[in-house]
Each structure stands twice: as structure tokens, then as C-alpha cells.
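Just below is one structure, and these are the notes that go with it.
2 protein chains.
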Amino acid sequence: MTSVSGSGERILAILDRFTEAQPEWTSEALMVELGYSRPTLYRYLKTLKDAGYLVSLPNAGFRLGPRVTELDFLMSRSDPLIRIGQHRLEALAAEYPCAAFIVRWYRRKILCIASSQSDMGPPSSYPRGRPMPLARGAISRAILAFLPRREQVPIIEDLLGEFAKIGIGSSVDEVIDELRAIRRNGYATASGEVTPGVVGIAAPILVAERAPVAALCMTMKACDAEDSGARARIESEILRLSQEISADLCCEMMRQPPQTAVDVISGK
Amino acid sequence: MTSVSGSGERILAILDRFTEAQPEWTSEALMVELGYSRPTLYRYLKTLKDAGYLVSLPNAGFRLGPRVTELDFLMSRSDPLIRIGQHRLEALAAEYPCAAFIVRWYRRKILCIASSQSDMGPPSSYPRGRPMPLARGAISRAILAFLPRREQVPIIEDLLGEFAKIGIGSSVDEVIDELRAIRRNGYATASGEVTPGVVGIAAPILVAERAPVAALCMTMKACDAEDSGARARIESEILRLSQEISADLCCEMMRQPPQTAVDVISGK
DNA sequence: GTCAGTTTCTCAATTATTGGGATTACCGCC
DNA sequence: GGCGGTAATCCCAATAATTGAGAAACTGAC
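Same order as they appear, the protein sequences are chains A and B.
Mapping of the first sequence onto the numbering used here: position 40 corresponds to residue 40, and the numbering continues sequentially without gaps.
If you count the second sequence from 1, you need to add 1000 to reach the numbering used here.
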């Protein structure tokens, strides 16, 4: 990684300081936290403010600004996963008393990007944009199971403590065995790992039948998922839908890159 | 504006190229559009990619990435306007057959940031994050009317053509007179300017009783808004709610800046 | 295997960025 | 309306970081 654009990264690093736990920062605090000099920090903040990524509050605080909302809207409009998956989520929520999600795998995080919920389903505390815990739940394992080995191992090592707690395995090899089984099945299930009394069923969304980019997940109240026949039907439904989405996504990506204004002008 | 952080701005400028009309870019096209040299552009793109703001598609395309979704989630969580206004939107949608919005005023744009919709109301094509047209509709005028004069004038000049079309006024002075009337009333109304057959009623949300930062807006089908008694009641309801929100917002902003980790450590 | 296209690297020149200190702007308060 | 204190910006020389040309490595496609 020899090519860097230092100041760009330092500017973006400012945005990383804003979290659910601390959504507001004073410039003083950012200076200490990030170690930038005062004029530099103010220059960076001004850049972010002028672009709308931050807003400054009268009494010396900063908060995320409307530009991120605008960008997310654009993102949601152009995201093929949403275009492809949304109606399937809605179909799931219409057929079963459940909450259905599509979540993205992104920088060792799991991020809900679309969801649909039936009236009778379990309440979900994961709206679009909220990162989910990486160590718990069906989604997590559905994705980990399909990662290439060399990505798997360091992640498993990091999470081993968590995995031991929920009984997945107490050594890296045990966890890998567990994941291998999930890979054979094509989907993962979990009971009460994220929310007590709620079961999750998740299958990965794969690009080129290899790399997981996301997962399709459905959660139900445990009491609605007891019948093993019904449960098996749901599992195969999730698996089928996830494969459909994967296939559609691949089609989408195989198409020609978009015509751009420039291409058009230059007559390509 | 002597203080700049050039490369930071150039990096953020890349994100500005992604629009609803063109949500995908090739590096070639960006190079031409922005005039950066190839290695520089790739450095910038790598920075944005590594941070999750962009994702690269296999065949030479870029699209916005999940980080913007994550940021918008944070933003929505920490936004006092949403915290203060959301339940009021829902109350409106429960009481009237309508769509109710809170929109932000941001860099000469109007951005929906929260909404609620009743089953019987008019369908809305403005979800969170979508910029609304600046020249049309009640929201636009509710905000313009409360801007300080020196901000008003250049905007009106830019939009004069549009204003003339919808009969608001054909000269700057005429438009200003119109806006002054809105300012006296406290709210603006519009019929069919954005969507045929839909009326809008909007009142500004003010900070310190001066600067408009947002507006509360309600849209109804024209047929539901014909009775002038009912209409007057709704208008005063919108006005009242917008004033409540303004007041709550001021309270919110008067409070002490947040304790930060740094402050706590240093014992402030 | 070869090929076309995309992405990253190397490295020296130079430019744009940085930061200390001073200055100005701003806000709340009296 | 003036005043005090803090926050934000400006100035400018030093320097460290960014830049861009060209080349090389990588990627998939055939």
C-alpha cells in the first residue's frame, strides 16, 4: 500500500470519529483525538462543512450533515441489491410472520441495507444502515462460511471468545468445521443469539458463486418456527431466494459498463 | 477563502459526480470530467474505496458504497429535528389523509429528511434524502420567505423564470412582495405545483426565530382540501406544529455542548 | 498463452500543505 | 451597546507530502 493520499485520508478519518456512542464532537476534542494541529483541523472541518458532510452547532460542536443523507438516497437508488432484492423481501414478509433483511458484507462489518417486516413478525432493531454484530447470528455465519480461507482465519481468531460463548466452537478448527457444515447446507440458522426468542435463517448472496457480498436473512419468533416441516420449507425458500438474487446480481454485473457523457461525446 | 485543503476538496468532488442521472462512473470518464491525472485519480479513488464511500465494479465502474448508508443511519439517529419532529409527523398522518414531511434547507437545496404517510393520502415521491425542486411548491416559498434579504435576492434572481411560470411574480420585487405576505402569514400554500392535484402547506422551522433551517410540510389531495374551514384549521395546525418544533429545537441547542471522552479525562 | 484494458508502482520535481503565532470574528454577558 | 473570552481564521516561511510521467503488474477474456 505505497500509494496514499494522506490528507484525504485524514479528512475522511474525521468522519469516522462520529459514532452512535458519540455523534457530536467539539473541535478541541477532535484535535486531541486525531492529533491534528489547530489550523489544519479547522481547514479540514471547513472542507467537510462546506461540502455538507458536517454541520457546526452554535456552541462549538459538530455533527454529521445533510450531505450524507443525500448520498445515501443516491446509493439506495443505484444499488442493484436493493433493486433486485426488495420485492423478494416483501414477498417473504407477506408469506410468513417474519422480518426479512438484505445485509451487506463490508469491511468486516455487516450492514442492513434493506428490510421488510410483517405485522406479526418479531420487531427488528436493525434498520437500514445499522451495523450488526459480527460474532452473533445466522447472518454472520452465513457470510463467514463462504469467505475464502485466508480471510476467514484472522476473523475467527479475533472472534474466538464470542464463538466459544455461544457454543459454536472453542478453537479455530472447531469453528471452521462448523462453517464448513454451513457451507455444505448453503444456509445458517441461529436461535436467540441476537435477540432472545428470535430465530434467524440466513443464506449468502454470492458473486460469481464465490465471494459473499451480502446475505439474505429472515427472523421469526421462535414459537413460529417450531414445526420442523415448516422450518425446513422456510430454509429451502431462503436458500432458493438467495440463489436467485445471486444469479440476478451476476447478470446485472455482466452487462456493459454504462455509457457516460464523455463516451457519448467522443462517439464510442 | 484563503484557507483551503485542496486535495481534500478534490477527493470530495469525486463524490459530487455521482447523481441520480449518473450513479455510475468509469475512471476514464472521471478523469476527463475532473481533469485529474491518472495516478492521482486512482489514488483518490482508492482512498474513497478503502473507506467504503465507493465500490468498484468488476468492469471498470464505480458506484457509491455502504459507508454512506452507515453514515446516514448515524445522522438520522443524532438529528434533533427527527427526534423532535417524527412523532408530530405521525400524528399529522394519523389525523388527516396526507403525507407529512420535514425538509431541511441545505446549500440552496431542499432535502426531505423525515416523512410519514397516511393510507388515504397522496403518494409521495420524496423519501428521505431526495432533493426537492427549489422553485416549486409550498416548502420552497415557506423557506425563502424567511431567509434574510441578502440571501433571498440572488436566489430569486436565479429562479425568476420559474417563478414567472407558476404565477408567483415576474420581477424580483413582485416575488419579494409575495414572500413578504407569506412571512406575515407564517406559512405558504401551493396547489399542484409539484404534483398535479396535490396541495401543499408548509411552515418554516426557525432557529432563534430568525434563520430557517427546515420546514414542516403537509400534502393532501386537492379534493380533501377544498372545504375552506377545514383548510384553515389544517393551516393553523401546521403553523402551530412548526412553531413547537422550532421551540423544541432551540431548547435542544441551548443545552451544554456534549461531554467528550477528552473532557472527562481532563476533569472538566 | 496472448492480449487489451485497468490498476498500481517508482521516483524525482515541485507544489501545495502544514503549523506556530498573531489576528480577527463571534457570542454571551453585563 | 460595549466588553471579555473563546472560537475560527489568517499570514507566511519551511518542508514534507503530493503530484504526474512512464512503466510495470495485475485482471479477465478469448
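Just so you know, even glycine gets a beta-carbon here, dropped at the ideal spot from N, CA and C.
It should be emphasised that the depicted structure is a prediction, and the values quoted were computed from it without experimental measurement.
Within its chain, find whatever has a CB closer than 8 angstroms to the CB of residue 207(A); leave out the 5 residues flanking it on each side and keep chain order.
Position 207 of the first sequence, counted from the first residue, corresponds to residue 207(A). Excluding positions up to five away in sequence, the list reads 213, 246, 249, 250 and 253.
Taking 8 angstroms as the threshold, find out whether the segment 84-104 of chain A comes into contact with the segment 115-125 of chain A through three or more Cβ pairs.
yes
In chain order, what residues of the same chain lie with their CB nearer than 6 angstroms to the CB of residue 242(A), ignoring the 5 residues before and after it?
Numbered from its first residue, the first sequence carries residue 242(A) at position 242. Here the set comprises 203, 205 and 216.
Apart from the five residues on each side of it in sequence, which residues of its chain come closer than 6 angstroms, Cβ to Cβ, to residue 54(A)?
Mapped onto the first sequence, residue 54(A) falls at position 54. 48, 62 and 65, listed in sequence order.
Terminal residues of the continuous beta strand (DSSP E) containing residue 1117(B)?
Counting from one through the second sequence, the residue named residue 1117(B) turns up at place 117. Residue range 1109-1117 is occupied by the beta strand (DSSP E) that includes residue 1117(B).
Run through chain B and tell me which residues come within less than 7 angstroms of residue 131(A), C-beta to C-beta.
Indexing the first sequence from 1 puts residue 131(A) at position 131. Here the neighbours are 1070.
Is there a C-beta anywhere in chain A that falls below 8 angstroms from the one on residue 1151(B)?
Locating residue 1151(B) in the second sequence gives position 151, where the first residue counts as 1. Not one chain A Cβ lies under 8 angstroms of residue 1151(B).
Using the rule of at least 16 other Cβ atoms within 10 Å of the residue's Cβ for burial, across every protein chain shown, is residue 1223(B) buried or exposed?
Your numbering for residue 1223(B) matches position 223 in the second sequence. With fewer than 16 Cβ atoms within 10 Å of its Cβ, residue 1223(B) is classed as exposed.
Using three-state DSSP, classify residue 1098(B) as helix, strand or coil.
Along the second sequence, read from residue 1 onward, the residue named residue 1098(B) stands at position 98. Residue 1098(B): coil per DSSP, three-state reduction.
Which bits of chain A does residue 1136(B) rub up against, with CB to CB less than 8 angstroms?
Within the second sequence, numbered from 1, the residue matching residue 1136(B) stands at position 136. Neighbours of residue 1136(B) on chain A: none; closest Cβ ~19 angstroms, over 8 angstroms.
Around the C-beta of residue 1067(B), are 16 or more other C-beta atoms found within 10 angstroms, so that it is buried, or is it exposed?
As a first step, residue 1067(B) is located in the second sequence; it is residue number 67 there, counting from the start. So residue 1067(B) ends up on the buried side.
Under three-state DSSP, which class holds residue 32(A)?
Position 32 of the first sequence holds residue 32(A). Note: residue 32(A) maps to helix in three-state DSSP.
With distances taken from CA atoms, which of 1123(B), 1181(B), 1128(B) and 1115(B) is nearest residue 1197(B)?
As a position in the second sequence, residue 1197(B) is number 197, starting the count at 1. For residue 1197(B), the nearest C-alpha among the options comes from 1123(B).
For residue 1075(B), which residues does DSSP report across the bridge?
Here residue 1075(B) refers to the residue found at position 75 of the second sequence. Bridge partners of residue 1075(B): none, in fact.
DSSP beta-bridge partners for residue 200(A)?
Taking the first residue of the first sequence as 1, we reach residue 200(A) at position 200. In DSSP, residue 200(A) forms a bridge with 190(A) and 219(A).
Would you list the residues sitting across from residue 131(A) in a DSSP beta bridge?
On the first sequence, residue 131(A) is found 131 positions in, with the first residue counted as 1. Residue 131(A) is bridged to 111(A).
Interface flag, residue 1106(B) vs chain A, CB-CB below 8 angstroms
Translated into positions along the second sequence, residue 1106(B) becomes position 106. Cβ-Cβ to chain A under 8 angstroms: yes for residue 1106(B).
Give the residues from the segment 69-91 of chain A that approach chain B closer than 9 angstroms (Cβ to any Cβ), ordered along the chain.
69, 70, 71, 72, 73, 74, 75, 76, 77, 78, 79 and 80
Report all residues from its chain with a CB closer than 8 angstroms to the CB of residue 1244(B); omit the five preceding and five following residues, and keep chain order.
Your numbering for residue 1244(B) matches position 244 in the second sequence. Here the set comprises 1088.
Please report how far the alpha carbon of residue 1232(B) lies from the alpha carbon of residue 6(A), in whole angstroms.
On the second sequence, position 232 is the one that residue 1232(B) refers to. On the first sequence, position 6 is the one that residue 6(A) refers to. If I take the Cα positions, the gap works out to 58 angstroms.
Euclidean distance between Cα positions of residue 1201(B) and residue 1035(B)
The residue given as residue 1201(B) occupies position 201 in the second sequence. The residue given as residue 1035(B) occupies position 35 in the second sequence. Cα to Cα, residue 1201(B) sits roughly 44 angstroms from residue 1035(B).
Range of the contiguous alpha helix (DSSP H) that encloses residue 1172(B):
For this step, residue 1172(B) is matched to residue 172 along the second sequence. Where residue 1172(B) is concerned, the enclosing alpha helix (DSSP H) stretches over 1172-1185.
How would you call residue 170(A), buried or exposed, if buried means at least 16 neighbouring beta carbons within 10 angstroms?
Along the first sequence, read from residue 1 onward, the residue named residue 170(A) stands at position 170. Around the C-beta of residue 170(A), fewer than 16 other C-beta atoms lie within 10 Å, and the residue is accordingly described as exposed.
Indicate the three-state DSSP secondary structure (helix, strand or coil) for residue 1104(B) in the structure shown.
Start at 1 with the first residue of the second sequence, and residue 1104(B) comes out as number 104. Correct three-state label for residue 1104(B): strand.
Complete runs of the alpha helix (DSSP H) confined to the segment 130-169 of chain A [at least 4 residues]
137-144 and 149-165
Three CB pairs or more closer than 8 angstroms across the segment 75-94 of chain A and the segment 1029-1044 of chain B:
no
Please classify residue 1136(B) as buried or exposed, where buried requires at least 16 other C-beta atoms within 10 Å of its C-beta.
In the second sequence, counting from the first residue as 1, residue 1136(B) sits at position 136. Residue 1136(B) should be labelled buried.
Could you tell me whether the Cβ atoms of residue 101(A) and residue 93(A) are closer together than 8 angstroms?
Translated into positions along the first sequence, residue 101(A) becomes position 101. Translated into positions along the first sequence, residue 93(A) becomes position 93. Taking 8 angstroms as the Cβ cut-off, residue 101(A) and residue 93(A) do not qualify as a contacting pair.
At a threshold of 7 angstroms, does residue 1220(B) count as lining the ligand MN (C-beta to nearest heavy atom)?
What this structure holds is no ligand at all, so the ligand MN is not there to describe.
Range covered by the beta strand (DSSP E) that runs through residue 1061(B):
As a position in the second sequence, residue 1061(B) is number 61, starting the count at 1. Per DSSP, residue 1061(B) belongs to the beta strand (DSSP E) from 1061-1064.
Residues of chain B with CB closer than 7 angstroms to the CB of residue 52(A), please, in chain order.
Translated into the one-based positions of the first sequence, residue 52(A) becomes position 52. Under the 7 angstroms cutoff, chain B gives 1106 and 1107.
Contact between the segment 1147-1154 of chain B and the segment 1123-1134 of chain B (3+ Cβ pairs under 8 angstroms)
The segment 1147-1154 of chain B, when compared against the segment 1123-1134 of chain B, does not touch it at the 8 angstroms Cβ threshold.
DSSP state of residue 4(A), grouped into three classes?
Walking along the first sequence from the start, residue 4(A) turns up at place 4. In the structure shown, residue 4(A) sits in coil (DSSP, three-state: anything other than H, G, I, E or B).
Should residue 235(A) go down as buried or exposed, given a rule of 16 or more other Cβ atoms within 10 Å for buried?
For the purposes of this step, residue 235(A) is identified with residue 235 of the first sequence, where counting begins at 1. So residue 235(A) counts as buried.
To the nearest angstrom, how far is the alpha carbon of residue 1190(B) from that of residue 91(A)?
Numbered from 1 along the second sequence, position 190 holds the residue referred to as residue 1190(B). Numbered from 1 along the first sequence, position 91 holds the residue referred to as residue 91(A). In a straight line, the C-alpha of residue 1190(B) is about 38 angstroms away from that of residue 91(A).
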